[in-house]
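Sequential numbering from 2 applies to the sequence shown in my numbering. Data block below; observations after.
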Amino acid sequence: MNNSSKSFKISIPSLIDNINIVESFIENACDENKISEDIYGNILIAVTEAVNNAIKHGNKEDKKKLVDLEVESYEQKVIFKIGDEGIGFDFKHLNDPTSPENIEEEGGRGIFLMKHLADEVSFLDEGRKVEMVFFTH
């Protein structure tokens, strides 16, 4: 079994308008790895949520700060890594957006979605980096 990986990276300024660049990056990565449509949809939503969080919450939409996006491809999985230059956040104590007292709240759904769409989600570097694993087979 071949365990080598391929890796691609981009960095974008923290502007919401750059989401279309992220979508192209995801599409190219999924085409390159022959990822099925249903997994592609999960990746697209989860990764764009993570990038949105990095732009809005991490870097506070400061266009001088970058969001790094990397994909590593393996035989059975792809790993997307999203990092920002913010101060991080307490990812161990997040409110459940589905509980009755939080239903009306604005935020909190992005991470909830990421955790449900990806096979594995890890927060690193005090919350400045998220890694999401998607199994392809």
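Think of the CB as a built atom: it goes at the ideal place given N, C-alpha and C, for glycine as much as any other residue. Owing to the predicted nature of the structure, the values given are computational and were not obtained by experimental measurement.
Next item on the list: Would you mind giving the Cβ-Cβ distance between G111 and N54, rounded to the nearest angstrom? I have them listed as a contact below 8 Å.
Entry: 5 Å
Check: Between I13 and S37, what straight-line distance do the alpha-carbon atoms span, to the nearest angstrom?
Finding: Cα to Cα, I13 sits roughly 26 Å from S37.
Note to self: In the DSSP output, what is I88 paired with across the bridge?
What the structure shows: Partner(s): none; I88 has no beta bridge.
Notebook entry, point to check: What residues in its chain sit with their C-beta under 7 Å from that of Q77, if we drop five residues either side in the sequence?
Noted result: F136, T137 and H138
Check: If you count every other CB in all the chains shown that lies within 10 Å of the CB of E9, and 16 or more means buried, which is it?
Finding: One detail in the question is off: residue 9 reads as Phe in this sequence, not Glu. By the neighbour-count definition (other C-beta atoms within 10 Å, threshold 16), F9 is an exposed residue.
Next item on the list: Classify E76 as helix, strand or coil using the three-state DSSP reduction.
Entry: coil
Next item on the list: Could you check the C-alpha separation between E73 and I83 for me, to the nearest Å?
Entry: 12 Å
Next item on the list: Mind checking who S1 pairs with in its DSSP beta bridge?
Entry: In the structure as shown, the chain starts at 2 and stops at 138, and residue 1 therefore has no counterpart that could be examined.
Next item on the list: Look at the Cβ atom of G89, then the Cβ atom of N60, and state whether they are nearer than 8 Å.
Entry: no
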